[in-house]
Amino acid sequence: MPLNPDRGPAFFQALGREHLPETIGLRITEVSDGLLRAEFDIRKALLAPNGYLHAASVVGLADTAAGYACFAHLPDGASSFTTIELKCNFIGTATSGTVECTATAAHLGRTTQVWDAVVRSAGAARPLALFRCTQSILWPRPEAATPS
Numbered sequence: 000m001p002l003n004p005d006r007g008p009a010f011f012q013a014l015g016r017e018h019l020p021e022t023i024g025l026r027i028t029e030v031s032d033g034l035l036r037a038e039f040d041i042r043k044a045l046l047a048p049n050g051y052l053h054a055a056s057v058v059g060l061a062d063t064a065a066g067y068a069c070f071a072h073l074p075d076g077a078s079s080f081t082t083i084e085l086k087c088n089f090i091g092t093a094t095s096g097t098v099e100c101t102a103t104a105a106h107l108g109r110t111t112q113v114w115d116a117v118v119r120s121a122g123a124a125r126p127l128a129l130f131r132c133t134q135s136i137l138w139p140r141p142e143a144a145t146p147s
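Residue numbering for the sequence shown follows numbering that gives the first Met the number 0, beginning at 0 and increasing consecutively.
This is the structure in structure tokens:
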């Protein structure tokens with residue numbers, strides 16, 4: 000599915016206002032064909048009580064990046080999408096700095112999309128998490144026939 004050119008970083012920053020993306024401080028840094036990059040800065044509110052980055056913070060970043068990427072690549076005529084499956088493998092953690100996420104398209108179909116996301120500390124080679132989700136593409140419902 001081609002990238003919708005109207006759905007760039009500014010579009011998604013506005014979309015996330017007063018919702019979870021703004022709450023976690025998510026910034027969209029790139030939207031391109033088959034790819035979306037996002038990041039946030041670690042702060043105390045995103046840590047678990049043990050002082051390490053909370054798994055929900057990582058999933059929130061990855062799921063938002065993949066969801067926004069899906070929305071940017073919806074087929075013409077589709078109305079929206081919904082997540083039907085997600086999985087996240089945690090490999091490492093962090094306590095400070097910036098966390099980056101790169102979501103890439105694994106499958107862009109008419110009825111489903113599959114997105115992979117890699118979450119890393121900024122500048123690090125080793126991932127903190129590997130994430131995959133499947134999105135169901137939603138289409139407008141046909142008008143119901145009115146009885147005669």
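Virtual Cβ for every residue (Gly too), placed ideally from N, Cα, C.
Keep in mind that this is a model prediction, so the values were computed, not measured.
Selection from the options that minimises the alpha carbon distance to residue i
i	options	result
Phe-39	Glu-84, Asn-3, Pro-20 and Phe-70	Pro-20
Ala-65	Ala-44, Leu-45, Thr-133 and Asp-5	Thr-133
Asn-88	Ala-105, Ser-79 and Val-58	Val-58
Phe-11	Leu-52, Lys-43, Gly-50 and Tyr-67	Tyr-67
Glu-84	Val-118, Ala-37, Gly-50 and Ile-136	Ile-136
Leu-52	Arg-119, His-106, Arg-140 and Glu-142	Arg-119
With 16 other Cβ atoms within 10 Å as the buried cut-off, status of residue i
i	result
Ser-56	buried
Glu-99	buried
Trp-114	buried
Thr-63	buried
Ser-31	exposed
Ala-121	exposed
Ala-54	exposed
Arg-16	exposed
Ala-123	exposed
Arg-140	exposed
DSSP state of residue i mapped onto helix, strand, coil
i	result
Ser-135	strand
Ser-120	strand
Leu-25	coil
Thr-63	helix
Leu-2	coil
Ala-102	strand
Leu-73	coil
Ser-56	helix
Pro-48	coil
Ala-68	helix
Pro-141	coil
Ala-37	strand
Pairwise C-alpha distance: residue j and residue i
i	j	result
Ala-93	Asp-75	40 Å
Gly-108	Met-0	7 Å
Asp-5	Leu-60	22 Å
Leu-14	Ala-71	12 Å
His-18	Leu-25	10 Å
Arg-42	Ala-104	29 Å
Val-117	Ala-77	27 Å
Glu-142	Leu-129	41 Å
CB of residue i within 9 Å of CB of residue j, strictly
i	j	result
Arg-125	Gly-91	yes
Ile-23	Leu-2	no
Leu-34	Thr-101	yes
Interface flag, residue i vs chain C, CB-CB below 9 Å
i	result
Leu-19	The chain inventory of the structure shown lacks chain C, comprising one protein chain alone.
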